[in-house]
Structure formats: C-alpha cells, structure tokens
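Here the structure comes first, spelled out in structure tokens, and everything after it is commentary.
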Amino acid sequence: MISIKKDKDYVKELLKSEEGLHLDFKQSITNQFKISKPMAAFANTSGGRLIIGVSDKKKVVGIDYEEEMFMIEEANRKYITPPIRLNFEVYEIEYIEDDQLNDPLFILIVNIPESSSKPHMIIGDKNHNTLYYRIGDKSLPSNRPDSHGLTPPQRNS
Numbered sequence: 000m001i002s003i004k005k006d007k008d009y010v011k012e013l014l015k016s017e018e019g020l021h022l023d024f025k026q027s028i029t030n031q032f033k034i035s036k037p038m039a040a041f042a043n044t045s046g047g048r049l050i051i052g053v054s055d056k057k058k059v060v061g062i063d064y065e066e067e068m069f070m071i072e073e074a075n076r077k078y079i080t081p082p083i084r085l086n087f088e089v090y091e092i093e094y095i096e097d098d099q100l101n102d103p104l105f106i107l108i109v110n111i112p113e114s115s116s117k118p119h120m121i122i123g124d125k126n127h128n129t130l131y132y133r134i135g136d137k138s139l140p141s142n143r144p145d146s147h148g149l150t151p152p153q154r155n156s
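This is the structure:
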C-alpha cells in the first residue's frame with residue numbers, strides 16, 4: 000500500500016521546474032510502449048523523475064494513481080530488459096474553485112535511479128531491441144541498434 004502525501008509546497012516547487020535531463024511531465028499514460036522509452040532512458044543516463052497528472056501548461060489535472068502505477072509497472076515488465084528499479088510517490092492536491100473546496104486531485108511521481116545494471120533495452124522497437132538515453136529533455140535511441148556498449152546519441156548543435 001502506498002502512502003499519500005500532501006506536501007503542497009513541494010508540488011508547487013516541482014511545477015516550477017522545467018523538463019530536462021532528470022524530469023519529464025506527463026498528463027497520463029496512454030501507451031505502455033511509449034512510456035517505456037523515457038523510463039529506460041533515465042535508468043541508462045543519470046536517473047530522473049516522471050511526473051504524471053500534470054498538463055503541458057503545468058496545470059495539475061489529476062489521475063487515477065493506481066491505474067497509472069499499473070501502466071508503468073506493465074511497461075517495465077513488458078518492454079524493458081532487464082526491468083528497472085522504480086519508486087512511486089503519490090501526492091494529493093486540494094484545490095478551491097469558485098470559493099468551493101473540490102475533490103482532491105492526485106499526481107504520481109515515478110523516481111527512476113541511474114541503474115547499476117544498465118544497459119536497459121526497449122524490447123521490439125522497430126523489430127529489434129533499442130537502447131535509449133536522456134539528452135536534455137528528450138529520450139533518444141542510441142546511434143547503434145542492439146548496442147550493448149553505452150553509446151549515447153550525439154546532440155545536433
């Protein structure tokens with residue numbers, strides 16, 4: 000059972016952060032295969048956090064955190080080899096609209112540490128396994144398919 004946190008100040012600070020090497024915001028998880036790429040990229044690079052339940056404009060939209068955790072765990076199990084270590088945090092956000100307290104919204108934070116058992120490959124990407132890295136705010140495939148050596152893609156300047 001996961002405990003639900005209510006640290007409003009922490010969430011406010013988090014929402015001020017920009018997406019980058021260690022942070023990616025998602026409104027919700029709609030595709031397990033797609034979400035596996037930033038997950039593996041964080042583990043293969045230097046770790047990071049997925050924040051789920053936040054729109055592109057940094058507005059908390061809320062999610063069913065149990066469903067989102069299931070989607071993340073399934074993506075890890077089905078599409079990442081070897082599977083990565085995950086740590087979940089759930090935050091409850093209370094908000095007032097038109098002077099009325101509404102039902103709370105939830106966001107899910109998926110903490111993904113840099114892996115000591117990398118590389119982590121995405122299974123079945125373009126008919127082969129692909130290694131992903133985090134470069135800036137993007138999760139990019141390695142320059143060499145089925146690469147077991149860690150060869151990060153080159154960033155175009």
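Numbering (numbering that gives the first Met the number 0), first residue to last: 0 to 156. All C-beta atoms in this analysis are idealised placements derived from N, C-alpha and C, irrespective of residue type, glycine included.
In the DSSP output, which residue or residues are listed as bridge partners for residue i?
i       : result
Asn-110 : Arg-48 and Asn-86
Pro-140 : Tyr-131
Leu-104 : Ile-92
Gly-19  : Leu-22
Go ahead and label residue i buried or exposed: buried means 16 or more other beta carbons lie within 10 angstroms of its beta carbon, across all protein chains shown.
i       : result
Ser-32  : The question names Ser, but residue 32 in the sequence shown is Phe. Label assigned to Phe-32: exposed.
Gly-148 : Confidence in Gly-148 is poor, its pLDDT being 48 and thus under 50, which makes the residue's placement unreliable; the coordinate value appears in the next sentence. Looking at its Cβ environment, which holds fewer than 16 other Cβ atoms inside 10 Å, Gly-148 is exposed.
I'd like to check one pair, residue j with residue i: are the Cβ atoms closer than 8 Å?
i       : j       : result
Ile-106 : Ile-71  : no
Val-53  : Phe-87  : no
Ala-42  : Ser-138 : no
Pro-112 : Gly-46  : yes
Met-120 : Asn-128 : yes
Gln-26  : Val-60  : yes
Tyr-90  : Val-10  : yes
For my contact list, residue i and residue j are in at a C-beta cut-off of 8 Å; report their separation, rounded to the angstrom.
i      : j      : result
Ile-34 : Ala-74 : 5 Å
Problem set entry | Ordered list of beta strand (DSSP E) runs contained in the segment 25-77, each at least 3 residues | Runs of the beta strand (DSSP E) inside the segment 25-77: 47-51.
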